[in-house]
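*Asks:* The following block contains the structure, expressed as structure tokens.
In UniProt numbering, the protein residues as written are 1 to 257.
This is how it looks when you write it as structure tokens:
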């Protein structure tokens with residue numbers, strides 16, 4: 001090969017390529033690592049995709065050790081903020097969705113403690129409640145976890161979004177996990193309805209019944225109705241639209257029916 005020729009075609013002894021890039025995934029005539037194991041899924045067996053509940057682990061013995069050594073105050077509700085502030089956990093361990101509390105080798109909790117974490121095993125919850133304490137599963141969104149760790153950035157209360165449906169059903173509203181929304185799960189009027197907007201007064205189910213005619217056809221039906229003329233806004237008088245069949249009227253006027 002002449003001087004100045006391409007390094008791609010230059011050959012040395014035993015066809016060894018000498019240059020910056022010797023080829024992708026070529027590991028000296030061995031099977032490359034990406035071919036050693038079969039593909040089991042699109043992202044790999046331990047892939048962390050957004051929305052996957054892969055919790056960091058914290059043993060119950062570590063919290064008891066932190067209380068016994070004076071790092072944590074057993075008289076206050078222990079949250080992720082207190083664990084980080086007391087250096088019981090590190091910044092690198094805090095990943096969404098948070099921590100799961102494991103019993104490990106703990107046989108009994110000697111004093112009542114109140115803990116708020118994102119998940120816990122059934123045995124850990126049982127041990128805490130047997131000692132007279134309480135556990136609350138505060139499964140939150142990314143933004144809610146940030147508010148928990150950095151409360152100084154939020155001097156006013158910021159409305160948190162509800163978690164995604166999978167986490168909502170598995171953790172936040174699960175009474176077995178002592179979810180923080182479990183007491184409101186049956187009474188859906190206590191938390192924000194998905195169609196209610198973002199106002200504080202809309203934390204009830206929005207009214208779906210209308211007390212006014214919305215179309216010309218409905219007004220023609222109702223303009224001689226005594227109840228409509230006596231109606232005042234806010235009195236709760238709702239016209240019986242179901243008895244008029246206005247949906248079929250609209251479809252017939254549009255030519256569908």
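All C-beta atoms in this analysis are idealised placements derived from N, C-alpha and C, irrespective of residue type, glycine included.
Predicted model only: the values in this text are computed from it and were never measured.
Going by DSSP, what residue range makes up the alpha helix (DSSP H) through residue 67?
*Replies:* 60 to 68
*Asks:* With DSSP as the reference, please indicate the residues paired to residue 179 in a beta bridge.
*Replies:* 137
*Asks:* I'd like to confirm something about residue 154: is its beta-carbon nearer than 7 angstroms to some heavy atom of the ligand HEM, or not?
*Replies:* You won't find the ligand HEM in this model; it holds no ligand whatsoever.
*Asks:* Are the beta-carbon atoms belonging to residue 153 and residue 139 less than 8 angstroms from one another?
*Replies:* no
*Asks:* Can we say the segment 96 to 103 touches the segment 113 to 127, given the rule of at least three CB pairs closer than 8 angstroms?
*Replies:* In this structure the segment 96 to 103 touches the segment 113 to 127; the number of beta carbon pairs closer than 8 angstroms is three or more.
*Asks:* Do you know offhand how far residue 132's Cα is from residue 144's?
*Replies:* 28 angstroms
*Asks:* Per DSSP, what kind of secondary structure is residue 132 in: helix, strand or coil?
*Replies:* coil
*Asks:* Would you identify the three-state DSSP class for residue 99, choosing helix, strand or coil?
*Replies:* strand
*Asks:* DSSP three-state label for residue 231, please.
*Replies:* Here the model assigns residue 231 a pLDDT of 49, short of 50, so the residue's position is not dependable and the matter cannot be decided.
*Asks:* Buried or exposed for residue 127, going by 16 or more other Cβ atoms inside 10 Å?
*Replies:* buried
*Asks:* Sorted by chain position, which residues of the same chain lie with C-beta nearer than 7 angstroms to residue 123's C-beta, five sequence neighbours on each side aside?
*Replies:* 103
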